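My numbering numbers the first residue of the sequence shown as 15 and each following residue consecutively. Here a beta-carbon is modelled for each residue, glycine too, at the ideal position from N, C-alpha and C. The structure displayed is predicted, hence computed values, not measured ones. First comes the structure, then the notes that go with it.
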Amino acid sequence: MHYKKKARKKLKELNTINIGITGSYGKTSSKNILHDILSVKYRTYASPGNLNTPLGLMKTINNYLDKFEEIFIAEMSVADKKSNDVKRSCDIVKPKYGIITNIGIAHLENFKTIENIQKAKFELIENLPENGIGVLNADDPKQVEYKIKNKCKIIWIGIDNKADIYATNIKYTYEGTTFDCIFKKDNKKISLKTCLFEKPNIYNILAALAIAYELGLSYDEMIKGVSNIKPIEHRLQVKKLQNYTIIDDAYNSNPVGSKMAVDVLDLMPGRKIIVTPGMIELKDKEYDANYEFGRQISKVADYTILIGKKQTKPIYNGLLSNNYDKNKIFVLNDVKDAFTLIEKLRDNKTYVLLENDLPDLFNEKKMSK
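Here you go:
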């Protein structure tokens, strides 16, 4: 209570504009994208790393936020259906603006049902003030169907649906993405270019632009902000090594992100290798999600390196179900061994996707000991 009161008092004295971000996945990407865009006009500070719990946000505010910041972006996670973590975070941060990235099956084991996840994420929108603004995704059925218990303004973004702010004319290359953004209210179109890949990041950019519009950024400032977006560490981050290029997507652990990563690998102009231990914490959907992941990989990867025989069995089965050559599948117990194998498999133009990263608890080599 002492540190909570201290954090709330400091935010009140600083008089920052506070923005909350939550969702099943993509929170950190959304936070970093919003920071890079708003920084064109404002002194902006985003909660660092994984300090996204109520305690983490208290620490961020009390120890790191300084008097020069104008905007504070708070990533908000939630542990399980009983924790009310987002509500507790809102009670500290008092956000005026809120973004829900998406509502999916990530961490379904902790929440038991999709409805519990839905309710937990909407705690952000329902704890905004009545003059606050929530940004929601018109392409996400779980957001569209939810009955919000708040009269605050809602801005809808979309790609498949022509919402208040939507993207069109999307084109992907191995260098990134270009698209047009339509602001329906002003009947205005701007053309944008980013080094980021795939649909979820377009949604993140659209959500950031919705906030940027409300905070008075000009269209030219928005265009500049999007071009300034930096690659996000461990999230489809392209790293050029001496002998091959790595696409580092180690932080992903959900079906949407994993499919996106495979699609990005497919864009690359060279030999394609994927290294993955699969996905966890998906409860009874885990086998099917990993099986489908294997089928997706089979259409793209020249070689597949699976980490953990037991954990990756569904991926293996999915690969074979789509007539993938079993001689191009390698099953290892430790990800470190994959890099020795990559040296044998690569040619002079090779792209390696590192997809998902499991905690030590799931390292089968350690478990076998």
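Inter-residue Cα distance where the pair is residue i and residue j
{"i": "T36", "j": "E89", "result": "6 Å"}
{"i": "F307", "j": "K24", "result": "46 Å"}
{"i": "T115", "j": "D280", "result": "25 Å"}
{"i": "T42", "j": "N336", "result": "34 Å"}
{"i": "M15", "j": "G284", "result": "56 Å"}
{"i": "I184", "j": "Y17", "result": "46 Å"}
{"i": "K323", "j": "L231", "result": "51 Å"}
{"i": "Y365", "j": "K213", "result": "21 Å"}
{"i": "E83", "j": "R249", "result": "27 Å"}
{"i": "N304", "j": "P269", "result": "8 Å"}
{"i": "K203", "j": "T191", "result": "17 Å"}
{"i": "I119", "j": "G292", "result": "15 Å"}
{"i": "V289", "j": "T326", "result": "11 Å"}
{"i": "M236", "j": "I246", "result": "19 Å"}
{"i": "L65", "j": "Y265", "result": "15 Å"}
{"i": "N377", "j": "K161", "result": "The pLDDT assigned to N377 is 49, lower than 50, so where the model puts this residue is not dependable; a value taken from the coordinates is nonetheless given after this. Computed Cα separation, rounded: 42 Å."}
{"i": "D371", "j": "D348", "result": "11 Å"}
{"i": "G40", "j": "L355", "result": "31 Å"}
{"i": "V158", "j": "K253", "result": "37 Å"}
{"i": "N362", "j": "Q256", "result": "10 Å"}
{"i": "I260", "j": "I294", "result": "23 Å"}
{"i": "C195", "j": "K19", "result": "41 Å"}
{"i": "Q251", "j": "D277", "result": "14 Å"}
{"i": "T127", "j": "K358", "result": "44 Å"}
{"i": "I321", "j": "G63", "result": "26 Å"}
Cβ-Cβ distance between residue i and residue j below 7 Å
{"i": "K156", "j": "E140", "result": "no"}
{"i": "T74", "j": "S61", "result": "yes"}
{"i": "I113", "j": "A221", "result": "yes"}
{"i": "E137", "j": "V100", "result": "yes"}
{"i": "I243", "j": "I33", "result": "no"}
{"i": "D153", "j": "N175", "result": "yes"}
{"i": "N79", "j": "Y111", "result": "The sequence shown places Leu at residue 79, not Asn. No, Cβ-Cβ distance for L79 and Y111 is not below 7 Å."}
{"i": "D263", "j": "E369", "result": "yes"}
{"i": "K350", "j": "V314", "result": "no"}
{"i": "Y317", "j": "K342", "result": "yes"}
{"i": "A21", "j": "N76", "result": "yes"}
{"i": "S312", "j": "L346", "result": "no"}
{"i": "R360", "j": "Y258", "result": "yes"}
{"i": "I87", "j": "K45", "result": "yes"}
{"i": "S97", "j": "L71", "result": "no"}
{"i": "I329", "j": "A352", "result": "no"}
{"i": "A224", "j": "V149", "result": "yes"}
{"i": "K273", "j": "Q310", "result": "yes"}
{"i": "I171", "j": "N151", "result": "yes"}
{"i": "L122", "j": "L296", "result": "yes"}
{"i": "Y186", "j": "M282", "result": "no"}
Secondary structure of residue i, DSSP reduced to three states
{"i": "L220", "result": "helix"}
{"i": "E129", "result": "helix"}
{"i": "S103", "result": "helix"}
{"i": "Q251", "result": "strand"}
{"i": "R57", "result": "coil"}
{"i": "E89", "result": "strand"}
{"i": "N215", "result": "helix"}
{"i": "S38", "result": "coil"}
{"i": "R22", "result": "helix"}
{"i": "L150", "result": "strand"}
{"i": "E369", "result": "strand"}
{"i": "G118", "result": "coil"}
{"i": "L359", "result": "helix"}
{"i": "H16", "result": "helix"}
{"i": "I287", "result": "strand"}
{"i": "V349", "result": "coil"}
{"i": "G190", "result": "strand"}
{"i": "A315", "result": "coil"}
{"i": "L65", "result": "coil"}
{"i": "F82", "result": "coil"}
{"i": "N32", "result": "strand"}
{"i": "D394", "result": "As shown, the chain starts at 15 and ends at 383. That puts residue 394 outside it, with no answer to give."}
{"i": "Y111", "result": "strand"}
{"i": "G292", "result": "coil"}
{"i": "Y180", "result": "strand"}
{"i": "L52", "result": "helix"}
{"i": "K273", "result": "helix"}
Nearest-angstrom Cβ-Cβ length linking residue i and residue j, presumed shorter than 8 Å
{"i": "I85", "j": "L52", "result": "6 Å"}
{"i": "A181", "j": "F197", "result": "Actually they are not in contact, since the Cβ atoms of A181 and F197 sit about 11 Å apart, beyond 8 Å."}
{"i": "C166", "j": "I147", "result": "6 Å"}
{"i": "I168", "j": "S38", "result": "With a Cβ gap of about 19 Å, I168 and S38 do not count as contacting."}
{"i": "I173", "j": "I219", "result": "In fact, because the Cβ distance is near 11 Å, the residues do not count as touching under 8 Å."}
{"i": "P109", "j": "L142", "result": "6 Å"}
{"i": "A93", "j": "N124", "result": "7 Å"}
Contact test: residue i Cβ vs the ligand GDP heavy atom, cutoff 6 Å
{"i": "A60", "result": "Annotation note on the ligand GDP: not contained in the displayed structure, which lists no ligands."}
Can at least three beta-carbon pairs, one atom from the segment 198–212 and one from the segment 226–244, be found at a separation below 8 Å?
-> Contact holds between the segment 198–212 and the segment 226–244, because three or more Cβ pairs, one in each stretch, are under 8 Å apart.
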